[in-house]
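Okay, structure first, notes after.
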Amino acid sequence: MSIVETPAPKESEVLTAPSSPPRGQGLSLRLRSSLQQLLAFGSLIVLVVFFGVMNARFLLPGNLSDILLSTVVIGLLALGATFVIVTGGIDLSVGTGMSLCSVMVGVVLTYLGLPIWAGIAGGILMGAVIGAVNGFLISFLKIPPFIATLATMLVCQGMALVVSGTKPIYFTGTEGFANLALGKPIAGLVIPNAVFIFFGAAALAGVVMSKTLLGRYTFSIGSNEEATALSGINVRSWKLWIYTAAGAFTGLAGVIIAARLNSAQPGQGMGYELQAIAAVVIGGTSLAGGKGSIVGTVIGALIMSVLTNGLRVISVPQEWQNVAIGVVILVAVYLDMLRRKEAAK
Amino acid sequence: MTADQTPLLSVHGVEKSFPGVRALHNMHLDLRRGEVLALVGENGAGKSTLMKLLSGIYVPDEGTFELNGVAFTPAGPKHAQELGISIIHQEFNLMADLTVAQNIYIGREPRRFGMLSERALNRKTQDLFDRMSLKLDPRERCGDLTVAKQQMVEIAKALSHDSKVIIMDEPTAALNDAEVATLHELIRGFVSPETGVIYISHRMDELKQISQRVTVIRDGEYVDTVDTEQTSMQEVISLMVGRSISGNQRPPADAADCADDVVLSVEGLTTPSLLKSVSFALRRGEILGFAGLMGAGRTEVARALVGADKASFEHLKVNGTDAQIPNPAVAAKLGIGYLSEDRKHLGLMLERDVKENIMLSSLVENSAGGFIKDAALRRTADEYARKLRIKTPSIRQLARNLSGGNQQKVVIAKWLVKDCDILIFDEPTRGIDVGAKDEIYKLLNELAAAGKAIIMISSELPEVLRLSHRIAVMCEGRITGFLTNAEATQENIMELATRRVSITTGAPTS
């Protein structure tokens, strides 16, 4: 028998004795994560300054309030998508789901003639139902999120057309519904009511994410679904609830877009889901799940609408706008990956 | 029997079978109050099955579990936890993106007015750590912790549940000596007259340090329980491997005929995570067995050789010339084929047919101008399917529909078509039933006789002994010894496989 001589242990091995972690390491970690958000916020400011310098019209109050208003719809969809993406899932049905919700608002207000609050509730409820269906397909029938929500995306589009008879539903009979999207000038800047609704919804989402069981388990499932289940958490029903909550945000987006257009447009909606996902990803939420923040998503939504609007204001042709936004998404995700690699060291 | 002598946890006559395999037969185990009981056995002896039964993941076919003399049947991990049994698996059940405190109290989050209270959570966790005199920050992200600290978190989680019994599966597999000492300190702190620990380990030296008794199991059956004090580790090893080796046919020792024909020479193979200066030579016509316990680094050697993982070599020579293998494509070009232990995921396209699987690596040679020469493909695939006696109605059969043994042959055929002279088999008979194993053994012998050089990684010692001309034994990333087939026994392989390099802690570093 020949025995291989074992070399003496190297210095580094001897020194890896466990030492207590320096106090406040957790704090520096949190600092690091808020630094990331600061970075996203910084790039938002840079974008605003850039477009402002390129064309002063960009900074006119009218244009700024346009940007805010266009942030609302994408932003609301992105809030819901954040929950889904943090679990490691994806939701492709939010765009057409939003159309179906706005059609539902039309049904309640125009067809049934019920009061405005009922229309709003109907829209949000419709969204929650779509979310619950997604959640059921994904957590109980175990259909992969991409496939399940691809299917519900088509179902929602079809249902919106079926219910509305393929024609837009107008709210001309409902006094004041469009006011949801309008607003009074404050110090010369017209901030649409919808913007307040959006920030209210974002605050709510933030609290749910960080202060409730639903939020905690959203992170937990995205981080390690099996371990979460083995810890005795009922992962299936929590996932159902998470998708339902995300759907409610889609419903609210449906209400707002209906008010903004003063009509329910059953044919539109397709494509919004990708913009919402882009906003979430730009905001630093990982598509692999487990990581993300509502603040990041709000900033991401703002970046998306600033980009779209700014490129238009500085007269970049429509087709190039898409190219530019695509590149921005790639850069954002790539930078995020680099940052993660750095953090993993 | 007085109350004091009632075992804390006992397992009586437990049976568990899976389709085609009897995993546990008449299993016994008694954990006394206030004791650390070591549970040892070879890979596949049934330790993890027993753990899964105790945590309610599997249901026993027969037999009973008793906790403090009261029979119980765990319905699942959560139920076992509520009964006071915590199991710490080798693969931790931690959520990397949550903080330490969030992980420990998952499912039991303190709330105020319906909202989670991070402050209360962290305070509660800090209290727990203070009681355990554990220096960890509750707010740290779990994914940022070292393996040793993650282990501490798992133990803290178990303690937070007021567990009476903690079962640990190879808790020290990834720890250095100082960390092992800290862990043992924690275990000693936990054990009281009401509690006990079942400590599963392969490391003989540790059993002496931590356990009072050792229960040995082999092939799913209870062998014996001995007092650690009065037993030498040699005796424990013989109990583990058993005396008789069934169906042991030693290979003819005529591989020495071509002893000088070294086709692969490896020197100083090191990887950042595990391997430390691994060196060996492989000769034409030889089967070199790699033995060792799980996690010893055998698969890592194979993966490094085919360029699947990052590794550094002092010298690497293939067929006498210096070589560099940055990726598996280069390895294939040099004639090195790797047959992964995870056939289904890494070796086969289950949804494609036998022909496509066999020919996958050789498509370039069988194409012209980017178009695949189908007839040539079929001919070659047919030829090899017949040569290797692959049992399939046609080479058009989907790989999924073949038996394990025949699937393995398809993978072998793939590398033979590619004209590989060096074949690395990682657990070649895993998941293959007994009859088909003999077929694979025969094939390996034929390949070696035909002049191929073979590295065979196996966790089954009888298999290593039966096939290998020489055996390299690994432990913790190092080769701890080479044995010729004539001198190898299960005992001396186990002895080498558990030979840890002891790292003196706190020694002056010069």
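Sequences listed follow chains L and V, in order. Mapping to the working numbering: the first sequence position 261 is 544, numbers consecutive. Mapping to the working numbering: the second sequence position 423 is 975, numbers consecutive. Quick reminder that beta carbons are idealized off the backbone N, C-alpha and C, glycines included.
As the crow flies, the alpha-carbon of L:Leu-613 is around 26 Å from that of L:Gly-489. Put simply, the backbone Cα of V:Arg-660 is about 48 Å away from that of L:Thr-457.
Residues of the segment 771 to 785 of chain V with a C-beta atom less than 9 Å from some C-beta of chain L do not occur. Within the segment 619 to 633 of chain V, the residues whose Cβ lies closer than 9 Å to any Cβ of chain L are, in chain order, Gly-628, Pro-629, Lys-630, His-631, Gln-633. Annotation: the continuous beta strand (DSSP E) that includes V:Phe-842 extends over 839 to 844. 8 Å or more divides the Cβ of L:Ala-364 from the Cβ of L:Gly-583. Taken through DSSP and simplified to helix, strand or coil, V:Thr-677 comes out as helix. Inter-residue distance for L:Pro-451 and L:Gly-410 is about 19 Å (C-alpha atoms, whole angstroms). Comparing alpha carbon positions, the residue from V:Lys-989, V:Glu-903, V:Lys-939, V:Ile-942 closest to V:Ala-951 is V:Glu-903. For V:Asp-861, no Cβ of chain L is located within less than 8 Å of the residue's own Cβ.
Using a CB distance cut-off of 8 Å, V:Met-667 counts as an interface residue toward chain L.
Within a 10 Å sphere around the beta-carbon of V:Gln-786 sit fewer than 16 other beta-carbons, which makes this residue exposed. One finds Met-667, Leu-668 in chain V with Cβ atoms closer than 8 Å to the Cβ of L:Lys-494, taken in chain order. Taking the CA atoms as reference points, L:Ile-474 sits about 12 Å from L:Asn-462. Taken through DSSP and simplified to helix, strand or coil, V:His-631 comes out as helix.
Chain-order list of chain V residues neighbouring L:Ser-503: Met-647, Leu-650, Ile-658, by C-beta distance under 7 Å. Distance from the Cα of V:Pro-612 is smallest, within the candidate group V:Val-563, V:Arg-671, V:Gln-633, V:Phe-644, for V:Val-563. About 6 Å separates the CB atoms of L:Phe-366 and L:Ala-528; that is less than 8 Å, so the two are in contact. Cβ-Cβ separation between V:Leu-605 and V:Val-566: approximately 6 Å, consistent with a contact (criterion under 8 Å).
Annotation: V:Ile-658 to L:Ile-577 spans about 22 Å, alpha carbon to alpha carbon. Per DSSP, the unbroken alpha helix (DSSP H) holding L:Gly-537 starts and ends at 518 to 544. DSSP, reduced to helix, strand and coil, places V:Asn-578 within a strand of the structure shown. Counting C-beta pairs with one atom in each stretch, the segment 1039 to 1055 of chain V and the segment 871 to 886 of chain V have fewer than three that are closer than 8 Å, which means they do not touch. Residue pairing for V:Ile-769: DSSP places it in a beta bridge opposite V:Tyr-774. The residue from L:Thr-393, L:Trp-521, L:Ser-514 with its alpha-carbon nearest to that of L:Phe-423 is L:Trp-521. In terms of Cα proximity to V:Thr-625, the closest of V:Ile-640, V:Ser-607, V:Gln-949 is V:Ser-607. L:Thr-449 and L:Lys-467 have their C-alpha atoms some 34 Å from each other. Identification of chain L residues near V:Gln-654 by a Cβ-Cβ cut-off of 9 Å yields Arg-499, Phe-502, Ser-503, ordered along the chain. Residues of the segment 364 to 393 of chain L with a Cβ closer than 8 Å to any Cβ of chain V: none. Remark: fewer than three beta-carbon pairs, one from each stretch, lie closer than 8 Å, so the segment 340 to 351 of chain L and the segment 545 to 554 of chain L are not flagged as touching.
The residue among V:Thr-616, V:Glu-1039, V:Lys-701 with its C-alpha nearest the C-alpha of V:Phe-644 is V:Lys-701.
Secondary structure at V:Tyr-993: helix, using DSSP grouped into helix, strand and coil. Here the segment 757 to 775 of chain V makes contact with the segment 585 to 596 of chain V; the two share three or more CB pairs at distances below 8 Å. Secondary structure of L:Val-490 (DSSP, three-state): helix. Taking 8 Å as the threshold, the shortest C-beta distance from L:Ala-510 to chain V falls below it. When V:Glu-1015, V:Ile-640, V:Gln-654 are compared, the shortest CA-CA separation from V:Phe-842 is found for V:Glu-1015.
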